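*Asks:*
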Amino acid sequence: MNSAQARRKPRAMVLGGYGLIGSACLRALADAGFEVTGVGRDARAIARLSDQADWLQRDIARATAEDWTRDLAGVDVVVNASGALQDGARDSLCAIHETAIAALCKAIGTQPIRFVQISAAGADIDAPTAFMATKGRGDTIVMDSAIDWVILRPTLVLGRAAYGGTALLRAAAATPLVGFSVLPDTPVQTVSLDDLSAAVVQAAKGSIAPRTLADLSAPEVHSFGNLTRT
Numbered sequence: 025m026n027s028a029q030a031r032r033k034p035r036a037m038v039l040g041g042y043g044l045i046g047s048a049c050l051r052a053l054a055d056a057g058f059e060v061t062g063v064g065r066d067a068r069a070i071a072r073l074s075d076q077a078d079w080l081q082r083d084i085a086r087a088t089a090e091d092w093t094r095d096l097a098g099v100d101v102v103v104n105a106s107g108a109l110q111d112g113a114r115d116s117l118c119a120i121h122e123t124a125i126a127a128l129c130k131a132i133g134t135q136p137i138r139f140v141q142i143s144a145a146g147a148d149i150d151a152p153t154a155f156m157a158t159k160g161r162g163d164t165i166v167m168d169s170a171i172d173w174v175i176l177r178p179t180l181v182l183g184r185a186a187y188g189g190t191a192l193l194r195a196a197a198a199t200p201l202v203g204f205s206v207l208p209d210t211p212v213q214t215v216s217l218d219d220l221s222a223a224v225v226q227a228a229k230g231s232i233a234p235r236t237l238a239d240l241s242a243p244e245v246h247s248f249g250n251l252t253r254t
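For reference, each letter of the sequence shown is one residue, going 25 to 254 in the working numbering.
(1) Could you tell me which of Phe-58, Ser-116, Arg-72 and Ala-126 sits nearest to Thr-93, measuring between CA atoms?
(2) Just to confirm my understanding: we take Thr-134, look at its own chain, exclude 5 residues before and 5 after, and list those with CB closer than 7 angstroms. What are they?
(3) Report the option in Ala-113, Val-101, Gln-81 and Ser-116 whose CA atom is closest to the CA atom of Gly-230.
(4) Would you give the residue range spanned by the alpha helix (DSSP H) that Val-224 belongs to?
(5) Whole angstroms are fine: how far does the CA of Ala-238 sit from the CA of Arg-114?
(6) With distance defined between alpha-carbon atoms, name the residue in Gln-226, Asp-218 and Thr-236 nearest to Ala-242.
(7) Between the Cα of Leu-220 and the Cα atoms of Ile-120, Gly-41 and Ile-45, which residue gives the shortest distance?
(8) For the beta strand (DSSP E) that contains Leu-237, what are its first and last residues?
(9) Leaving out the 5 sequence neighbours to the left and right, which residues in its chain are closer than 6 angstroms to Asp-83 when beta-carbon positions are compared?
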């Protein structure tokens, strides 16, 4: 290794880099000394975070293995923080959670690139919801591949921004007669966005062993009603 290579910062690519989880991972990786490239399809969202990382505008669900092979040149770590909550006009759960993962794994192949998959606690191919089932199938694609992978399965991720589960809690808090009466005693496990992004950094640095599947959750269990009141 020459002196220029020895001084080179590790490069991380964050898929879904402008989402709640992706943007937190992007910042945490940059703070940890990585050169970071964010990936997403929304030009306006990219523009809002253009000062925090380099960006690649790409529709992750439509990218081929050949596309990713070009994009991954010089990349040491890929963090997949992309995802969708349900099928819609612009989103396909199967395309985002499964097809895209298969293309990425094929592109990585035997290259020394660590793949950090941010999944969800409860993801399983036999799960009753399309979200959890497609997440589970995507995880299976990763685990069946020959790449260097770490899969993190967080419980409900809580952050300051309203998105996904956090948005659900805020909506329930805004309509307490509905939220508290329907789901007041439902137990909910959570994990902070900071703890999740810290785990991603540890995985990116190689501090977590290859082929690790880990659930992430705070030790406390809350009721839905208590969460919406805090």
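Don't be surprised by glycine CBs; every beta carbon is placed ideally from N, CA and C.
Quick caveat: nothing in here was measured; it's all calculated off a predicted structure.
*Replies:* Put simply:
(1) One-based indexing of the sequence shown puts residue 93 at position 69. Nearest C-alpha to Thr-93: Ala-126.
(2) Translated into the one-based positions of the sequence shown, residue 134 becomes position 110. Ala-170, listed in sequence order.
(3) Numbered from its first residue, the sequence shown carries residue 230 at position 206. Closest by alpha carbon: Val-101.
(4) The count along the sequence shown starts at 1 and reaches residue 224 at position 200. Its alpha helix (DSSP H) spans residues 217 to 229.
(5) Here the question's residue 114 lines up with position 90 in the sequence shown. Here the question's residue 238 lines up with position 214 in the sequence shown. Approximately 30 angstroms, taken between the alpha carbons.
(6) Within the sequence shown, residue 242 is the residue found at index 218, counting from 1. If you compare the alpha carbons of Gln-226, Asp-218 and Thr-236 with that of Ala-242, the shortest gap goes to Asp-218.
(7) In the sequence shown, counting from the first residue as 1, residue 220 sits at position 196. With distances taken between Cα atoms, Leu-220 lies closest to Ile-45.
(8) Indexing the sequence shown from 1 puts residue 237 at position 213. Here the beta strand (DSSP E) through Leu-237 covers 236 to 240.
(9) As a first step, residue 83 is located in the sequence shown; it is residue number 59 there, counting from the start. Same-chain partners within the cutoff: Arg-65.
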